[in-house]
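Take the sequence shown: its position 164, counting from 1, is numbered 164 in full-length UniProt numbering, and each next residue is one higher. C-beta atoms are modelled at their ideal positions from N, C-alpha and C, and glycine is treated no differently. Note that the structure is a prediction, hence the values are computed from the model and not measured.
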Amino acid sequence: MSDPTFDRLGIWNWERPDIRDEIRYAQYAEEKGFDTVWQGESRLVRDAMTVMGAYTQVTDRIKFAPGVTNCYTRNVALMAQTFSTLHELSGGRAMLGIGAWWDPLASKVGIDRQNPLRYMWEYCTVLRRLLDLENVTYDGQFIRVEDIELDLVRANADPRTVPIYIGATGLTMNKMSGELVAEGVVDGVYMNYLIPPEHNEKAMAKLKKGVEKRGGSIEDVDRPQLVAVSMDEDRDVAIENARGLVTQYIGQQPHITKASGIDPDVGEQIGEELGGWPADAEDIERASRLVPDDVVTNVVAAGTPEDCVQKVADYCDSGCTEPSLYSLGPNVEEVIDTFAEFKAE
Numbered sequence: 001m002s003d004p005t006f007d008r009l010g011i012w013n014w015e016r017p018d019i020r021d022e023i024r025y026a027q028y029a030e031e032k033g034f035d036t037v038w039q040g041e042s043r044l045v046r047d048a049m050t051v052m053g054a055y056t057q058v059t060d061r062i063k064f065a066p067g068v069t070n071c072y073t074r075n076v077a078l079m080a081q082t083f084s085t086l087h088e089l090s091g092g093r094a095m096l097g098i099g100a101w102w103d104p105l106a107s108k109v110g111i112d113r114q115n116p117l118r119y120m121w122e123y124c125t126v127l128r129r130l131l132d133l134e135n136v137t138y139d140g141q142f143i144r145v146e147d148i149e150l151d152l153v154r155a156n157a158d159p160r161t162v163p164i165y166i167g168a169t170g171l172t173m174n175k176m177s178g179e180l181v182a183e184g185v186v187d188g189v190y191m192n193y194l195i196p197p198e199h200n201e202k203a204m205a206k207l208k209k210g211v212e213k214r215g216g217s218i219e220d221v222d223r224p225q226l227v228a229v230s231m232d233e234d235r236d237v238a239i240e241n242a243r244g245l246v247t248q249y250i251g252q253q254p255h256i257t258k259a260s261g262i263d264p265d266v267g268e269q270i271g272e273e274l275g276g277w278p279a280d281a282e283d284i285e286r287a288s289r290l291v292p293d294d295v296v297t298n299v300v301a302a303g304t305p306e307d308c309v310q311k312v313a314d315y316c317d318s319g320c321t322e323p324s325l326y327s328l329g330p331n332v333e334e335v336i337d338t339f340a341e342f343k344a345e
């Protein structure tokens with residue numbers, strides 16, 4: 001088997017005990033030639049926008065994005081305003097990863113996620129027009145704005161070339177994202193983690209169908225992907241270190257459960273053991289006993305450095321154009337160093 005080669009590489013920052021470490025990892029990834037840093041924001045943890053503002057001041061080249069924020073809690077005009085500002089601060093390095101969030105978290109904060117596909121279509125359509133510095137009036141089913149535009153009288157008034165990536169896990173969302181790429185609204189999808197490479201192949205088929213429906217090509221669709229990495233010279237240790245995260249997401253996020261390939265009955269049992277969202281450490285430990293090794297290694301790059309590199313390459317072979325590496329342990333710099341050796345010149 002020949003050594004894999006990665007044309008592009010990114011990292012994913014999330015929930016480090018010391019927020020300053022996330023800043024340091026972004027800087028280190030840039031030093032090692034990585035292309036992007038994605039900032040997690042799927043739960044009520046750190047606000048990605050604040051951290052990305054810090055990235056603009058301590059890095060020079062690396063691009064950055066939330067991976068992913070949601071399309072509900074920030075009004076579309078505010079989102080355009082935020083990314084216009086990040087675009088300016090960074091010299092054009094800001095990107096936007098945006099998803100339709102998930103229940104039960106959305107409902108717990110008062111969000112009614114009826115027809116998230118239509119909501120995402122309207123939101124991204126208006127957002128792109130605002131970033132293009134258009135004056136926008138839009139009367140949609142969910143998004144309604146009248147005579148608005150970014151007020152850049154005293155700022156650089158060039159269009160904000162901010163790439164937009166839809167965080168698509170479900171197959172229907174992938175198809176719609178392909179259509180929006182062909183329409184020139186978004187640039188691609190940010191493929192999810194804790195799914196097997198085989199799910200990528202299904203997503204690719206839907207992306208192709210969607211983009212071709214509106215006259216585009218699958219080559220038009222950029223496809224970075226979040227990939228969880230649990231790396232240790234002892235393969236068993238690496239797998240054990242990943243088991244808790246796999247348990248938590250399979251048991252609590254239905255879209256992950258469906259895409260993970262796990263037996264639905266097992267997924268239901270795990271959810272019952274967790275006892276709902278959020279789960280505490282004891283709940284996760286108890287439920288993790290239901291998650292076998294092969295389920296972990298099916299959805300996580302878990303094992304020795306060689307195992308991890310090959311698993312990430314499998315995701316690329318099945319559709320990913322740029323892996324965003326999420327180190328599940330404290331060895332973030334080791335993971336960056338390992339993959340930097342396989343970065344194409």
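Going by Cα to Cα distance, which pick from Gly271, Arg289, Glu272, Val295 is closest to Ser260? Val295
Where does Asp317 fall in DSSP's three states? helix
Residue(s) in a DSSP beta bridge with Pro278: According to DSSP, Pro278 bridges with nothing at all.
Phe339 in three-state terms, based on DSSP: helix
Same chain, Cβ closer than 6 Å to Phe142, five either side skipped, listed in chain order: Tyr119, Glu122
Helix, strand or coil, according to DSSP, for Asn135 in the structure here? coil
Return the bridge partner residues of Val189 from the DSSP annotation. Ile166
Using DSSP bridges, identify the partner residues of residue 352. Here the chain comprises residues numbered 1 to 345, so residue 352 is not present and cannot be evaluated.
Residues of its chain near Gly33, where Cβ-Cβ distance is below 7 Å and the 5 sequence neighbours each way are ignored: Ala340, Lys343
Report the rounded CA-to-CA distance for Leu133 versus Ile166, giving the unit in angstroms. 21 Å
Secondary structure at Leu207, three-state DSSP: helix, strand or coil? helix
Three or more C-beta pairs below 8 Å linking the region 104-111 and the region 47-67: no
For Gly91, three-class secondary structure by DSSP: coil
Do Ser230 and Gly10 come within 7 Å of each other at the CB atom, strictly closer than that value? no
Whose C-beta lies closer than 6 Å to the C-beta of Phe6 among residues of the same chain, with five residues either side of it excluded? Phe342, Lys343
Less than 7 Å separating the beta-carbons of Glu201 and Ser318? yes
Taking the Cβ atom as the reference point for each residue, do Glu185 and Thr125 lie within a distance shorter than 7 Å? The sequence given here has Val at residue 185, not Glu. In contact: Val185 and Thr125 (Cβ atoms closer than 7 Å).
How many whole angstroms separate the CB atoms of Val58 and Gln39, which I take to be in contact at a CB cut-off of 8 Å? Not really, about 14 Å apart at Cβ, beyond 8 Å.
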